[in-house]
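Heads up: the first sequence runs through residues 0 to 276, numbered per numbering that gives the first Met the number 0. Virtual Cβ for every residue (Gly too), placed ideally from N, Cα, C.
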Amino acid sequence: MPELPEVEVILRGLLVLKGLAVTGIEAPRPGPNTPVDLESLSSATLERKLEEIERRGKYLLFRFSGPREVVFHLKMTGKLLLRGDFSEYARYHRVIISFTRGQKLIFNDVRRFGFCICDSNDTSCRTCLPEFGPDPLSPSFGAGSLSGSAGDRRLKLKNFILDQKVAPGIGNIYANEALFRAGLNPFRPVNTVGAGEWESLARSIRELLLEAIDYGGTTLGRGWSHFCNARGEPGRFQERLMVYGREGEACVRCDNEIRSMPLNNRSTFFCPLCQEV
DNA sequence: AGGTGGACCTATCCGC
DNA sequence: TGCGGATA
DNA sequence: GTCCACC
Ligand SMILES: [Zn+2]
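Written out as structure tokens, the structure reads:
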């Protein structure tokens, strides 16, 4: 499930496409959840040069000459792959964009939740994107932005940092890990969090995400539906996870048992001792 | 306002 | 081994 | 991972 670090790792791998032009579009096979309208994808990319790739939260934005923009969201199992031997997974290929120099961008997605939207002659696809808060890796993100959007609201801390207007790019894994690092209970109402605790949370989030990017992202299992970078390689941050997926195991800090509880239909892992209410 | 549960899909993992 | 159920 | 309908 690509979150900020995984999307960032993919983006960095795709930078080799910058400066190349699109020579063809191909949609291997139909099926449920059509990921993109081929007509508009073609008119937004064909014969155009890729000028820039950027990330907004978990979205990837490709700017082609024109300018025309194309935006991808990978949801749970989407992948963006460069030219390579992925023939055994070809049944999950959704769209293949060919570039000059024989380069390719392959959108592959096992669960078919991911999608791609493009600019048309008159409208920018940015208008379809949600609002984003300050990127956690940018200077405008911090204790101030967190406590500001918390105000006197009563929602639980974990739900709060999963809000893309608060910490765009954070998903379930990194929400759990960030709260553990900050020593904060996921179920605490945000209006009880103090200034020092916001500082600690902001720092935890930033450091965590940078470290995860350094490790090439998190790859939970070995199946194809798990994360890999643009060259098909897994990440290594799973070795550094301290609470996620560790129910019943010993807390790395206090040796007590890590517990898991559902919150918002998603598993929430925490140490009851290190993260008291 | 905030929380829950389902919908969208397919694969994998676990226990019986 | 095969199957339902839970989870990603 | 996100959206939406419902309490
Ligand atoms: Zn602990």
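Q. Near Leu199, what residues of its chain come up, given a Cβ to Cβ distance below 8 Å and the 5 sequence neighbours on each side ignored?
A. As a position in the first sequence, residue 199 is number 200, starting the count at 1. First, the amino acid is wrong: residue 199 is Ser here, not Leu. Same-chain partners within the cutoff: Ala181, Gly182 and Leu183.
Q. Ordered along the chain, which non-local residues of its own chain (more than five positions away) have a Cβ less than 6 Å from that of Ala211?
A. The residue labelled residue 211 in the question sits at position 212 within the first sequence. Cβ neighbours of Ala211 within its own chain (closer than 6 Å, five residues either side excluded): Pro4 and Phe236.
Q) What is the DSSP secondary structure of Lys78, counted as helix, strand or coil? A) Working through the first sequence from its first residue, we reach residue 78 at position 79. Residue state, collapsed to three classes: strand.
Q.
Quick check on the DSSP output: the alpha helix (DSSP H) that includes Ile169 runs from which residue to which?
A. Working through the first sequence from its first residue, we reach residue 169 at position 170. Looking at the DSSP string, Ile169 is not in any alpha helix (DSSP H), and its letter there is neither H nor E.
Q) Can you tell me where the beta strand (DSSP E) with Phe268 in it begins and where it stops? A) On the first sequence, residue 268 is found 269 positions in, with the first residue counted as 1. Arg265 to Phe269 is the extent of the beta strand (DSSP E) around Phe268.
Q: For Leu161, I'd like the list of residues in its chain whose CB is within less than 8 Å of its CB, leaving aside the five on either flank, ordered along the chain.
A: Residue numbering aside, residue 161 sits at position 162 when the first sequence is read from its first letter. Contacts found: Ile169, Gly170, Asn171, Ala174 and Asn263.
**Q.** Simplified DSSP assignment, three categories, for Asn107
**A.** Taking the first residue of the first sequence as position 1, residue 107 is located at position 108. Residue state for Asn107 is assigned as strand, using DSSP reduced to three classes.
Q: Taking the CB atoms as reference points, tell me whether Arg187 and Lys164 lie closer together than 9 Å.
A: The residue given as residue 187 occupies position 188 in the first sequence. The residue given as residue 164 occupies position 165 in the first sequence. The answer is no: Cβ separation not under 9 Å.
(Q) In the DSSP output, which residue or residues are listed as bridge partners for Cys117? (A) Mapped onto the first sequence, residue 117 falls at position 118. Cys117 pairs with Val69.
Q | Any non-hydrogen atom of ligand 1 closer than 8 Å to Asp254 Cβ | A | Along the first sequence, read from residue 1 onward, the residue named residue 254 stands at position 255. Result yes, Cβ under 8 Å from ligand 1.
Q | Delimiting residues of the beta strand (DSSP E) encompassing Gly23 | A | Reading the first sequence from its first residue, position 24 is the one you call residue 23. Segment Val21 to Glu25, the beta strand (DSSP E) holding Gly23.
Q | C-alpha gap between Ile105 and Arg230, whole angstroms | A | Walking along the first sequence from the start, residue 105 turns up at place 106. Walking along the first sequence from the start, residue 230 turns up at place 231. Using only the alpha carbons, I get a separation of about 11 Å.
**Q.** Nearest residue (CA-CA) to Glu38, options Cys270, Ser266, Lys157 and Cys115
**A.** Residue 38 sits at position 39 when you count from the first residue of the first sequence. When only C-alpha atoms are compared, the closest one is Cys115.
Q: Check the C-beta distance from Trp197 over to Ala142 and give it rounded, since I have them as a contact under 8 Å.
A: To locate residue 197, count along the first sequence from 1; it is residue 198. To locate residue 142, count along the first sequence from 1; it is residue 143. At roughly 4 Å, the Cβ-Cβ gap stays under 8 Å, so Trp197 and Ala142 are in contact.
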